[in-house]
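All residue numbers for the sequence shown refer to the working numbering, where the first residue is 21 and numbers rise by one. Cβ coordinates follow ideal geometry from the N, Cα and C atoms, glycine included. Read the structure below first, then the notes.
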Amino acid sequence: MDKSFSSKLIHLGDKFGESVSRSKSIPIVMTSVFSFDDVESLDQVYEGEADGYIYTRNGNPVHDALSEIMASVEEGGAALAYSSGMGAIALSIISQVKSGDHIIAANVLYGGSFQFIKSELARFNVSVTFVDPINEDIAPYFKPETKVVYVETISNPAMEAMDLESIAKTAHCHGAKLIVDNTFATPVICQPLLLGADIVVHSATKYLGGHSDITAGIVVADKETIGQVYTSGLLFGPTMSPFDAWLLIRSLRTLELRVRQHSDNALRLAEYFETNPKINSVYYPGLPSSPTHSVAKRLFHNNLFGGMMSIDLAGGERAAYDLLRNLETIKFVPSLAGVSTSTSYPAKTSHRSLTDDELKKAGISKGLIRISTGLEDINDIIAEFDRTLAKI
Ligand SMILES: Cc1ncc(COP(=O)(O)O)c(C=O)c1O
């Protein structure tokens, strides 16, 4: 039976009960290894001649349940779960390149991804060209050895919506694969594989987990590509704990509801910020003033634009520090996507490894604050920002 998006989130992944009754939630298979009656049966599982699990780094039933849900809602052939978003990102890229290859990446990315691509890949003799896919044609940057293009659906922290359809077409024309970090959008808002991307990655620490209590990563792609990522992952080894996989499944059941509410609240908050004279600019793809609003409207589902925005304070660094210090319930938190509204200061948190020049290119000023809109009554959140901005 074909299932709708929300029904997939709620019902998929139940791989466990075989008897007349079964546990309503998925059991946690908290084991690092599985036992066998004899060498022949172990051999059969290794060779794929019998179903079964061997060792949790190779796979675990809770990982498989999680992967079934994620592959389905991201419209991929298969998915893999890792112990952090960076684990997922690193493996998805490493599995696609070899020494001498080149990759093209957006110049506005989560700071850890930027640093990994710039510094770690260089140690494997993989070179990179950072580009501005919003304002320039990326075609001239391809070389015969370009294997990967790497972007975020909504860039962190510029909040620009990438034209994934057009970037995928250009990448494929040059024989490269498109890897998309879909963390800020989630598949509720955008499904990059349907727009031509080859691999989707997530920091599941953010919206997929959604409660600020899991560190996790997800990769989704077609079965062949996932096989390549699996081989790299098995040997680099950032396995997700079965307990975290279980927590993540628990969170995914409510993903659609949460993302709708985060998005509705964020639009209201962004509209309020546009009216406050202490704020120079508001970066949110849901605002008609956003340079990528039309792209977001075309590629995103249901007029949802996510819970993340950035604001540039007219008072610069001093005003930013004062705002962060004086907010009461809205905490300064170097992460995002929990149930409560939080703030971050990219220049000193997610992007602190960038040079001044790189910060400038990424549009990260000293007055820039990133906001993760929570699920509270939005009137309370607007009132708290309004009170605090009036004071600084
Ligand atoms: C967009 C994005 N991708 C990836 C990551 C890295 O994820 P993790 O911290 O789970 O390794 C982050 C972390 O903030 C992020 O914001």
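- Cα atoms of residue 379 and residue 372: separation of roughly 9 Å, rounded to the nearest angstrom.
- DSSP places residue 150 in the uninterrupted beta strand (DSSP E) bounded by 147 to 151.
- Of the residues 311, 303, 29 and 332, the one whose Cα lies closest to the Cα of residue 178 is 303.
- Leaving aside the five residues that flank residue 329 on each side, the residues in its chain whose CB is nearer than 8 Å to its CB run, in chain order, 179, 286, 289, 290, 293, 302, 303, 304, 390, 391 and 393.
- Between residue 240 and residue 99, the C-beta spacing is below 7 Å.
- When distances are taken from the beta-carbon of residue 303 to the heavy atoms of ligand 1, even the shortest one reaches 6 Å or more.
- As the crow flies, the alpha-carbon of residue 61 is around 54 Å from that of residue 365.
- For residue 181, the beta-bridge partners assigned by DSSP are 174.
- Under the three-pair Cβ rule at 8 Å, the stretch 218 to 226 counts as touching the stretch 239 to 258.
- In the displayed model, residue 408 falls within a helix according to three-state DSSP.
- Buried is the label assigned to residue 370, since at least 16 other Cβ atoms lie within 10 Å of its Cβ.
- Residue state for residue 53 is assigned as strand, using DSSP reduced to three classes.
- Exclusion of residue 161 from the 6 Å shell around ligand 1 follows from its C-beta lying no nearer than that to any non-hydrogen atom of the ligand.
- Inclusion of residue 106 in the 6 Å shell around ligand 1 follows from its C-beta lying nearer than that to a non-hydrogen atom of the ligand.
- Of the candidates 134, 102, 64 and 331, 102 places its Cα closest to the Cα of residue 79.
- Distance from the CA atom of residue 211 to the CA atom of residue 160, rounded to whole angstroms, is 27 Å.
- When DSSP reads this structure, residue 100 sits in a beta bridge with 239.
- Between ligand 1 and the CB of residue 223, the shortest heavy atom gap is smaller than 6 Å.
- Judged by pairs of C-beta atoms under 8 Å, the stretch 269 to 278 does not touch the stretch 125 to 135, as fewer than three such pairs exist.
- For residue 66, the three-state secondary structure derived from DSSP is helix.
- By the 16-neighbour rule on beta-carbons within 10 angstroms, residue 227 is buried.
- Taking 7 Å as the cut-off, the Cβ atoms of residue 300 and residue 332 count as close.
- From the listed residues 358, 381, 361 and 387, the smallest Cα separation to residue 368 is found for 387.
- About 5 Å separates the beta carbon of residue 86 from that of residue 265, a gap short enough to meet the 8 Å contact definition.
- By a beta-carbon distance limit of 8 Å, residue 358 does not contact residue 192. Their separation comes to about 37 Å.
- One Cα belongs to residue 223, the other to residue 67, and the distance between them is close to 32 Å.
- For residue 360, there is no enclosing alpha helix (DSSP H), as DSSP marks it with neither H nor E.
- Within the stretch 243 to 284, the complete alpha helix (DSSP H) segments at least 4 residues long are 243 to 256 and 262 to 272, listed from N- to C-terminus.
- Within the same chain, 83, 101, 102, 103 and 236 come within 7 Å of residue 260 by CB-CB distance, once the 5 residues on both sides are set aside.
- Taking 6 Å as the cut-off, one finds no heavy atom of ligand 1 near enough to the beta carbon of residue 80.
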